[in-house]
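Participant: Below is a structure I'd like to ask you about.
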Amino acid sequence: MGAGARRAAHLTGAGITRLRTLLAEIAWLSCLLAATALLLGAVLVVLDANTRNALVVAVLRAADWADLGVFSRTAGVKQFSGDNAVVKNTVTNWGLAAVAWLVVGRVARRILTP
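Each residue of the sequence shown is one higher than the last, beginning at 33 in our numbering.
Put into structure tokens, the structure is as follows:
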């Protein structure tokens with residue numbers, strides 16, 4: 033193998049390493065953003081934030097999207113009844129969803145990082 037071919041192979045390997053590192057960081061940041069939306073949404077529900085506020089609505093919509101239906105605050109993994117059931121459901125289900133997103137993000141980052 034000539035010097036030019038070795039150099040091209042080295043640059044390609046370095047480029048792939050950089051690409052994998054970038055993809056790992058994007059995956060981690062995406063999962064971190066989903067977990068953050070869920071935790072902020074849970075805090076807003078606990079504080080009984082004004083749902084006519086556009087920012088509150090945006091955060092709650094993002095959290096509703098990030099729960100993937102499995103950890104829904106209305107029909108999630110764990111359901112409470114009685115006083116403050118909505119708050120308990122939200123904190124429990126969205127908290128579990130946030131942990132799940134963080135675990136998935138860390139696993140994806142480990143798999144993608146060279």
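C-beta atoms are modelled at their ideal positions from N, C-alpha and C, and glycine is treated no differently.
These numbers come from a predicted model, not from an experiment.
In whole angstroms, what separates the C-alpha of Phe103 from that of Leu70?
Facilitator: If you draw a straight line from the Cα of Phe103 to the Cα of Leu70, it is about 10 Å long.
Participant: Can you tell me whether Arg93 is buried or exposed? The criterion is at least 16 other CB atoms within 10 Å of its CB, across all chains shown.
Facilitator: exposed
Participant: Considering Ala130, what are the terminal residues of the alpha helix (DSSP H) in which it resides?
Facilitator: Unbroken alpha helix (DSSP H) run through Ala130: Ala117 to Leu144.
Participant: Using three-state DSSP, classify Arg105 as helix, strand or coil.
Facilitator: coil
Participant: For Val135, which of Ala46, Ile58, Thr44 and Ala67 has the nearest alpha-carbon?
Facilitator: Ala67
Participant: Helix, strand or coil for Thr83, going by three-state DSSP, please let me know.
Facilitator: Thr83 falls in the coil class under three-state DSSP.
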